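Position one of the sequence shown corresponds to residue 894 (my numbering), numbered consecutively onward.
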Amino acid sequence: MEEKLGLSHKLELYNREKGTLTGVLDVISFDETTIVLDTDMGLLTIKGKDLHVSRLSLEKGELDLDGKTDSLVYSSNEGYRKTSQSLWAKLFK
């Protein structure tokens, strides 16, 4: 897995209501119940209620979130990257 220099993944969660993440490469999708992030440690799916991204800086790889967090699940981002590249390749042929 490729890792950008200077980025390290860190996740802090306070009382399941406020969180801070570093090492965020991209936001794949988000709504009030699910946030999917591409991090330097793989895909991270955050599920909960009333989720809100209060601050996002992709240049710094940082994200702050609010809302009740019910689960945090990591998975490999290999499938996402392959699918994403092939989709972009198809669009720009």
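Virtual Cβ for every residue (Gly too), placed ideally from N, Cα, C.
These numbers were taken from a predicted model, which means no experiment stands behind them.
Where residue i sits in the DSSP three-state scheme
i: K953; result: coil
i: S922; result: strand
Cut-off 6 Å between Cβ atoms - residues of its own chain near residue i, not counting five sequence neighbours on either side
i: G954; result: L900, T915, G916 and V917
i: K911; result: D959
Residue span of the beta strand (DSSP E) that contains residue i, given as start and end
i: G916; result: It is not in any beta strand (DSSP E) - G916 carries neither H nor E in the DSSP assignment.
i: E905; result: K903 to Y907
i: D931; result: T927 to T932
Any non-hydrogen atom of the ligand SAH closer than 7 Å to residue i Cβ
i: E925; result: Of the ligands one can find in the structure shown there are none, so the ligand SAH has no counterpart to examine.
Among the options, the one whose alpha carbon lies nearest that of residue i
i: T962; options: K942, L937 and F923; result: K942
Nonlocal neighbours in the same chain, by C-beta distance under 7 Å from residue i, ignoring five residues either side
i: M990; result: In the structure as shown, the chain starts at 894 and stops at 986, and residue 990 therefore has no counterpart that could be examined.
8 Å Cβ cutoff met for residue i and residue j
i: L937; j: V946; result: no
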